[in-house]
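FYI, the numbering for the sequence shown is 429 to 623, going by this note's numbering. Think of the CB as a built atom: it goes at the ideal place given N, C-alpha and C, for glycine as much as any other residue. As the structure is a prediction and not an experimental result, all values here were calculated from the model.
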Amino acid sequence: QVCVSVQRVYVPEDRATEMAQKIADIASKQVVGDAINEDSDLGPLILPKETDRIEAWVDEAIQEGATLITGGKRINEVSYEPTVLLNPAKGSKVSTQEVFGPIVCIYGYQIINDAIEQANSLDVSFQSAIFSDDVSLAMGVAKKLEASAVMINDYTTFRVDWMPFAGRKHSGYGIGGIGYSMRDMLEHKMIVTKG
429 QVCVSVQRVY
439 VPEDRATEMA
449 QKIADIASKQ
459 VVGDAINEDS
469 DLGPLILPKE
479 TDRIEAWVDE
489 AIQEGATLIT
499 GGKRINEVSY
509 EPTVLLNPAK
519 GSKVSTQEVF
529 GPIVCIYGYQ
539 IINDAIEQAN
549 SLDVSFQSAI
559 FSDDVSLAMG
569 VAKKLEASAV
579 MINDYTTFRV
589 DWMPFAGRKH
599 SGYGIGGIGY
609 SMRDMLEHKM
619 IVTKG
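Next up, the structure:
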């Protein structure tokens with residue numbers, strides 16, 4: 429439940445199934461357990477109702493045509509298997525809402541601008557990542573993405589304290605980061621003396 433976790437991955441259509449399987453191979457090996465246990469890779473969801481929601485959204489996506497590559501099952505009251513879905517419908521909740529759970533959706537695209545348009549289609553936006561060996565392509569895509577930060581050849585969870593950390597559109601509440609947070613917490617006071 430990290431607000432900048434990877435949720436949607438856009439891959440050239442001819443490689444989407446292969447990429448979904450590679451991600452699924454890693455996801456299926458993740459250990460879900462107590463968050464304070466060093467052997468756990470993933471902890472529980474915050475409340476049982478969030479697990480209910482995740483379960484319903486995944487079931488809906490599958491009913492609407494997504495291919496389940498791995499996961500898709502509740503483990504217990506507050507835990508859900510790491511799940512990879514291939515090509516959920518554009519209108520599915522996993523495609524249109526912030527999931528805040530162990531779900532990754534892989535979408536195949538034919539034209540890069542279609543992927544950019546779909547990535548920008550939500551009313552929430554935080555961080556994005558682009559992986560490419562073509563730097564000029566990556567920079568061009570980065571400029572078109574409506575994200576507050578775009579990582580090139582690194583994950584969306586990259587963050588250092590000095591960088592602004594903020595959502596766009598309806599994401600977040602202002603700008604985080606040490607300097608930005610300090611300024612937000614300051615109250616200015618002026619003292620004037622005469623003669």
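I think residue i touches residue j, with their Cβ atoms under 8 Å apart; what is that distance to the nearest whole Å?
{"i": "Thr637", "j": "Gln555", "result": "Since the first and last residues shown for the chain are 429 and 623, residue 637 lies out of range."}
{"i": "Ala547", "j": "Tyr438", "result": "6 Å"}
{"i": "Val512", "j": "Ala455", "result": "6 Å"}
{"i": "Ile490", "j": "Ala452", "result": "Not quite, the Cβ-Cβ distance comes to about 15 Å (not below 8 Å), so this is no contact."}
{"i": "Lys626", "j": "Trp485", "result": "Any property of residue 626 remains undetermined from this structure, which presents the chain solely from 429 to 623."}
{"i": "Leu473", "j": "Val460", "result": "Rounded, the Cβ-Cβ distance is 10 Å, inconsistent with contact."}
{"i": "Ile544", "j": "Leu573", "result": "6 Å"}
{"i": "Gln435", "j": "Val527", "result": "5 Å"}
{"i": "Tyr508", "j": "Glu483", "result": "7 Å"}
Given a threshold of 16 other Cβ atoms within 10 Å of its Cβ, counted over all protein chains shown, does residue i qualify as buried or as exposed?
{"i": "Val563", "result": "exposed"}
{"i": "Leu475", "result": "exposed"}
{"i": "Ser549", "result": "exposed"}
{"i": "Ile464", "result": "exposed"}
{"i": "Leu514", "result": "buried"}
{"i": "Gln529", "result": "Before going further, note that residue 529 is Gly rather than Gln in the sequence given. With 16 or more other Cβ atoms within 10 Å, it is buried."}
{"i": "Ile619", "result": "exposed"}
{"i": "Arg611", "result": "exposed"}
{"i": "Pro510", "result": "buried"}
{"i": "Met613", "result": "exposed"}
{"i": "Gly607", "result": "exposed"}
{"i": "Gly519", "result": "exposed"}
{"i": "Pro516", "result": "buried"}
{"i": "Val588", "result": "exposed"}
{"i": "Gly499", "result": "buried"}
Identify whether residue i lies in helix, strand or coil by the three-state DSSP scheme.
{"i": "Gln538", "result": "coil"}
{"i": "Thr511", "result": "strand"}
{"i": "Arg443", "result": "helix"}
{"i": "Ile503", "result": "strand"}
{"i": "Thr621", "result": "coil"}
{"i": "Arg611", "result": "helix"}
{"i": "Val437", "result": "strand"}
Counting only C-beta atoms, is residue i closer than 8 Å to chain B at any point?
{"i": "Thr479", "result": "Given the protein chain composition of this structure (a single chain), no chain B is represented."}
Query raised in the report: Could you give the uninterrupted runs of the beta strand (DSSP E) lying entirely in the stretch 449–485, keeping only those of 3 residues or more?
Result: For the stretch 449–485, there is no continuous beta strand (DSSP E) assignment of 3+ residues that stays within its boundaries.
Query raised in the report: If you pair each beta-carbon of the stretch 530–537 with each one of the stretch 438–450, do three or more pairs fall below 8 Å?
Result: Cβ pair count under 8 Å is three or more, so yes.
Query raised in the report: What residue ranges within the stretch 526–585 form continuous beta strand (DSSP E) runs of no fewer than 3 residues, ordered along the chain?
Result: Listed in chain order, the beta strand (DSSP E) runs fully inside the stretch 526–585 are 531–537, 555–558, 577–580, counting runs of at least 3 residues.
Query raised in the report: Contact between the stretch 462–479 and the stretch 493–508: three or more CB pairs below 8 Å?
Result: Short answer: they touch.
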